[in-house]
Amino acid sequence: MRGYFRELHCQDGCKNISIRFYIKKEGVCQEFTVVGVKDEASGDYFTDCEYGML
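Residue numbers (the working numbering): 60 to 113.
Right under this line is the structure:
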């Protein structure tokens, strides 16, 4: 399984970040999008990604 990042966008003054990516598994590509929310204290972005078990 391989992952390929396609797009990365800051939203709402970079309080959120949108990431569009592809996962290639067994020769088939699937497109996914996740949105991360910035933690103001650490400056890191966090998201719950339901695609973790691909």
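Each residue gets a CB set at the ideal place from its N, CA and C atoms; glycine is no exception. The structure displayed is predicted, hence computed values, not measured ones.
Check, Outcome
"Of the listed residues 104, 81, 100, nearest to residue 69 (C-alpha basis)", "104"
"Rounded straight-line distance, which links the Cα of residue 71 to that of residue 109", "23 Å"
"Helix, strand or coil at residue 77 [DSSP, three-state]", "strand"
"Pick from 107, 89, 101, 77 that is closest to residue 61, judged by C-alpha positions", "89"
"Same chain, Cβ closer than 7 Å to residue 80, five either side skipped, listed in chain order", "62, 63, 64, 65, 91"
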